[in-house]
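J.: First the structure, which I've put down as structure tokens, then a few questions once you've had a look.
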Amino acid sequence: MAYKISDECISCGACEAGCPVNAISEGDGKYVIDADTCIDCGACADACPVGAPQAE
Ligand code: SF4
Ligand code: SF4
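Numbering (the numbering used here), first residue to last: 2 to 57.
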């Protein structure tokens, strides 16, 4: 299990700094989460203004 960022992402970057394991990086047109690194903490979902990170 991991969180995944949907196409709703507006690339604001708010989630990246809050990830405790640095699983989030800027991708092509949206931010992306490395599923192998994500520990499912949910901090990115709390930080996101548009609700883009979703638990898979
Ligand atoms: Fe990082 Fe937590 Fe979001 Fe996974 S759920 S990407 S560990 S902030
Ligand atoms: Fe995208 Fe939300 Fe992260 Fe901003 S906080 S970069 S909108 S996923």
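Every residue gets a Cβ at the ideal spot worked out from N, C-alpha and C, and that includes glycine.
Since the model is a prediction, treat every value here as computed from it, not as a measurement.
I believe Ile25 touches Ala3 by the beta-carbon criterion, under 8 Å. Please report the beta-carbon distance rounded to the nearest angstrom.
T.: Not really, about 11 Å apart at Cβ, beyond 8 Å.
J.: Once you ignore the five residues that flank Ile11 on each side, which residues in its own chain have a CB closer than 7 Å to its CB?
T.: Same-chain partners within the cutoff: Val51.
J.: Helix, strand or coil, according to DSSP, for Ala53 in the structure here?
T.: Coil.
J.: Determine the direct distance from the alpha carbon of Cys13 to that of Asp37, and round the result to whole angstroms.
T.: Their Cα atoms are separated by approximately 23 Å.
J.: By the 10 Å Cβ neighbour count, where 16 or more other Cβ atoms means buried, how is Pro54 classified, buried or exposed?
T.: Buried, because 16 or more other Cβ atoms sit within 10 Å of the Cβ of Pro54.
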